[in-house]
Amino acid sequence: IIMNWLTREQVKEEVVKPALKRTADFDESKNWDSFDFSNFHGFHKWAFINEVSFLMNMKGYDIFLSVAKLDGRTIGQFIDYVVKKQRIPLNPPKSVVLS
319 IIMNWLTREQ VKEEVVKPAL KRTADFDESK NWDSFDFSNF HGFHKWAFIN
369 EVSFLMNMKG YDIFLSVAKL DGRTIGQFID YVVKKQRIPL NPPKSVVLS
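The working numbering applies: residue 319 is where the sequence shown begins, and numbers increase by one.
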């Protein structure tokens with residue numbers, strides 16, 4: 319299986335944005351790249367990190383995340399972190415070929 323790395327735009331639109339929508343009531347009309355996580359409570363940070371990890375896994379990628387990765391970062395910086403640290407698992411899911 320040949321996989322390309324996810325682009326910043328893909329991570330933003332297909333991973334982080336849906337995770338924010340599921341975790342917090344986020345206004346999509348605003349530029350939230352500069353928003354920080356200071357208003358997130360511990361539970362919301364944990365839920366957001368888990369959702370991002372889940373969505374990355376569903377796309378076939380691994381990412382090491384912890385709540386500490388949110389501290390002091392803006393959403394834009396967090397997106398950049400995910401783009402930089404994404405990895406393809408050693409044992410990616412095998413595709414099934416039907417004949």
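Here a beta-carbon is modelled for each residue, glycine too, at the ideal position from N, C-alpha and C.
Note that the structure is predicted; figures quoted are calculated from it, not measured.
- The Cβ-Cβ distance between Q404 and I367 does not fall below 8 angstroms.
- Look at D343 here: in three-state DSSP terms it is coil, with no helix or strand label.
- Annotated three-state conformation of D398 is helix, per DSSP.
- Setting aside the 5 residues that flank it on each side, E369 is surrounded in the same chain by P336, A337, R340 and T341, each with a C-beta closer than 8 angstroms to its C-beta; the list follows chain order.
- The straight-line gap separating the alpha-carbon atoms of E331 and E346 is approximately 11 angstroms.
- Listed as beta-bridge partners of D389 by DSSP are no residues whatsoever.
- Cβ contact annotation for A365 (same chain, cutoff 6 angstroms, sequence separation greater than five): T341, in chain order.
- R405 is bridged by DSSP to D380.
- Taking F344 as reference, the option from H362, Y399 and K387 with the minimal CA-CA separation is H362.
- Non-local C-beta neighbours of D351 in its own chain, meaning closer than 6 angstroms and more than five positions away in sequence, comprise I393 and G394, ordered along the chain.
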